[in-house]
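Encoded as structure tokens, the structure appears first; notes follow it.
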Amino acid sequence: MTDYNDAKYECPCGYVYDPAEGDYEHGVMPGTAFGDLPADWLCPLCGSEKQYFELVD
Ligand SMILES: [Zn+2]
0 MTDYNDAKYE
10 CPCGYVYDPA
20 EGDYEHGVMP
30 GTAFGDLPAD
40 WLCPLCGSEK
50 QYFELVD
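In this text, residue positions in the sequence shown follow numbering that gives the first Met the number 0: the first is 0, and each later residue adds one.
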């Protein structure tokens, strides 16, 4: 069991944000839910804003 939202979100460019991995290069620790990412976090590949990401089934 996990105590955080582990839903993955995909960017239009194909990048998938996985909360289990986080985004270490940009200061996001593993275990950070997508909804808890900083408002100014951008896709590390293409720079898209969070609003363009879609939930991965
Ligand atoms: Zn992207």
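For every residue, glycine included, the Cβ atom is placed at its ideal position computed from N, Cα and C.
The structure presented is a predicted model; accordingly, all values stated were derived computationally and were not measured.
task: Assign residue 35 to one of three DSSP states: helix, strand, or coil.
output: The answer is helix: DSSP assigns residue 35 an H, G or I state.
field: Within 6 Å of ligand 1: residues by beta-carbon to any heavy atom
entry: With 6 Å as the limit, the residues whose C-beta approaches a heavy atom of ligand 1 more closely than that are 10, 12, 14, 42, 44, 45 and 47, in chain order.
Chain-order list of residues whose beta-carbon lies under 6 Å from that of residue 52 (same chain, five-residue window excluded): Answer for residue 52: 8 and 10, listed in chain order.
message: Between which residues of its own chain and residue 46 is the CB-CB distance below 6 Å, once the five residues before and five after are set aside?
response: The answer is none, since no qualifying residue turns up.
query: When the distance is taken between beta carbons, is residue 30 closer than 8 Å to residue 18?
result: Contact: yes.
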